[in-house]
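Undergrad:
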Amino acid sequence: MQIMFEKICKQFDLGTLKSTPTPLAGGFMHKMYSMFTTTGNYAVKLLNPYVMQRETAKENYRKAEYFESILEKHSIPILPALVFHGQKMQEIDGQFFYVFNWYDGKALKGNEIKEHHCIEIGNVLARIHNLDTKKSPPYKRDEIHIDWNFYINKMKHENKELYELLRESCHLFYDSQEKGNKAIKSLDPILSICHNDMDSKNVLWNDNNYRIIDLECLSHANPSLELFELALCWSGYEDCNIDFNLFRKLIDSYLNAGGIKPQNWENLYDSNYGRLQWLEYNIKRVLGIDCGADEKEMGISEVKDTVAHVIYYHNIKENILNMGF
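The sequence shown begins at 1 in full-length UniProt numbering and counts up one residue at a time.
1) What are the partner residues of Glu-95, as DSSP defines its beta bridges?
2) Is DSSP giving Ser-271 helix, strand or coil here?
3) With a CB to CB cut of under 7 Å and the five nearest residues on each side skipped, what residues in its chain are close to Arg-105?
4) Any contact between the stretch 38–58 and the stretch 93–107? By contact I mean 3 or more CB pairs, one from each, below 8 Å.
5) Following the continuous alpha helix (DSSP H) through Met-306, name the residue where it begins and the one where it ends.
6) Using only alpha-carbon positions, find the residue among Asn-319, Asn-123 and Ser-271 that is nearest to Ile-144.
7) Could you pull out every unbroken alpha helix (DSSP H) segment of at least 4 residues lying fully inside the stretch 145–231, listed in chain order?
8) By a C-beta neighbour count over all protein chains shown, 10 Å radius and 16 as the cutoff for buried, is Arg-62 buried or exposed?
9) Here's a check: name, in chain order, each residue in its chain whose Cβ is nearer than 6 Å to the Cβ of Leu-162, leaving out the five neighbours to either side.
10) Measure the CB-CB distance between Glu-68 and Leu-218 and report whether it falls below 8 Å.
11) Where does the unbroken alpha helix (DSSP H) through Asn-60 begin, and where does it stop?
12) On a Cα-Cα basis, can you pick out the residue from Tyr-237, Lys-45, His-195 and Gly-288 that is closest to Tyr-66?
13) Quick check on DSSP: helix, strand or coil for Ala-126?
14) Would DSSP call Asn-282 helix, strand or coil?
15) Compare the Cα-Cα distances from Ile-70 to each of Arg-127, Glu-158 and Asp-188 and report the closest residue.
16) With DSSP collapsed to three states, give me the class of Pro-23.
17) Measuring CB to CB, does Ile-193 end up less than 8 Å from Asp-132?
18) Going by DSSP in three states, Ile-121 sits in which element: helix, strand or coil?
19) Going by DSSP, what residue range makes up the alpha helix (DSSP H) through Asn-250?
20) Give a yes or no on whether the C-beta atoms belonging to Glu-158 and Leu-279 are separated by under 8 Å.
21) Near His-30, which residues of its chain fall below 7 Å by C-beta distance, leaving aside the five closest residues on each side in sequence?
22) Residues in its own chain within less than 7 Å of Ala-308 by CB, not counting five upstream and five downstream?
23) According to DSSP, is Asn-319 part of a helix, a strand, or is it coil?
24) On the CB-based measure, 16 or more other CB atoms within 10 Å of its CB, does Ser-224 come out buried or exposed?
25) Taking Cβ to Cβ, would you say Ile-121 is nearer than 8 Å to Leu-246?
26) Would you mind giving the Cβ-Cβ distance between Glu-112 and Lys-249, rounded to the nearest angstrom? I have them listed as a contact below 8 Å.
27) Which two residues bound the contiguous beta strand (DSSP E) that contains Phe-84?
28) State the Cα-Cα distance for the pair Asn-222 and Thr-38, rounded to the nearest angstrom.
29) Out of curiosity, what's the CA-to-CA distance linking Leu-215 and Met-198?
30) Reducing DSSP to helix, strand and coil, say where Tyr-50 ends up.
31) Could you check if Trp-102 is buried or exposed, using at least 16 other CB atoms within 10 Å of its CB as the buried criterion?
32) Between Glu-226, Asp-147 and Phe-5, which lies nearest to Val-124 when the distance is taken from Cα to Cα?
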């Protein structure tokens with residue numbers, strides 16, 4: 001790995017390494033490293049080679065880079081990838097990566113998130129959505145048709161603990177999948193630029209200043225669904241302990257900043273079922289399907305965590321719908 005970073009420094013005139021690059025916490029799909037050199041401090045994101053093998057991967061990254069340039073032009077507080085030789089995504093020896101200037105900030109943990117953070121996130125989310133909002137045909141997203149019984153049977157021979165965990169909650173997976181496939185077709189027919197992953201791990205704070213990171217998922221998507229997902233994430237959903245005051249603060253801030261008011265909250269609740277795809281991805285990690293052997297332990301941890309979130313989300317439905325927006 002040291003050789004890779006030395007090649008990056010040489011190819012892009014970034015000086016020489018002052019220390020051994022260090023892995024950074026938080027990367028669930030790709031690998032992040034700090035890289036301190038004689039010309040400055042940088043962060044390097046090594047893109048998952050299995051992700052890059054997907055047919056649509058490079059085109060999706062290209063589109064995200066286009067939207068990133070729009071956010072940068074309008075002074076949205078993001079941490080954009082550096083450009084070398086006219087492009088952001090780079091490749092050395094088959095490894096694709098991005099290089100960023102180092103930002104001296106940190107992602108907030110659940111108990112560190114306060115009202116003013118939620119107010120700021122609601123405000124900047126409205127700014128992002130309002131950069132490019134347009135009417136669209138009925139919202140389309142590929143339906144989820146995951147054969148959970150197939151994976152559960154496979155898991156029986158791989159990990160007994162996960163087998164029991166998945167088997168006990170299987171009915172929730174199928175129920176969420178069915179309701180989500182139906183609800184997603186009835187979302188408000190509108191598209192905006194969306195970050196699609198702007199939870200607390202992807203915003204770095206330095207006192208009251210901050211930078212939004214992980215911009216590779218930028219795309220046109222449904223703004224109401226993103227608002228709902230972020231209100232959950234920033235109010236305690238990640239810890240399965242939502243503070244509904246923070247939930248309301250983020251949404252009120254978004255609406256006060258000119259964000260578009262959702263029309264059907266129950267529909268949004270049911271449409272927020274993307275965690276099922278994350279669960280499937282991590283089950284595959286455990287089973288060694290389409291991933292490296294070094295991802296298995298991460299997969300085990302994420303399967304446990306994601307199932308806990310599916311159960312918690314099911315249990316708080318009435319609390320959310322009784323918020324009275």
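Backbone N, C-alpha and C define an ideal beta-carbon position, used for all residues, glycine too.
TA: Taking the structure as given:
1) For the record, residue 95 in the displayed sequence is Gln; it is not Glu. Gln-95 is bridged to Ile-92.
2) helix
3) The question names Arg, but residue 105 in the sequence shown is Gly. Once the five neighbours on either side are set aside, the close Cβ partners of Gly-105 are Leu-204, Trp-205, Asn-206, Tyr-210 and Arg-211.
4) yes
5) A quick correction: the sequence has Thr, not Met, at residue 306. First-last of the alpha helix (DSSP H) with Thr-306: 296–315.
6) Ser-271
7) 148–155 and 160–183
8) exposed
9) Met-155 and Val-303
10) yes
11) 57–73
12) His-195
13) helix
14) helix
15) Arg-127
16) strand
17) yes
18) helix
19) At residue 250 the sequence reads Leu, which differs from the Asn that was named. Unbroken alpha helix (DSSP H) run through Leu-250: 244–256.
20) no
21) Lys-45, Leu-46, Leu-47 and Asn-48
22) Cys-240
23) helix
24) buried
25) no
26) Not really, about 15 Å apart at Cβ, beyond 8 Å.
27) Per DSSP, Phe-84 belongs to no beta strand (DSSP E) and is neither H nor E.
28) 43 Å
29) 9 Å
30) helix
31) exposed
32) Glu-226
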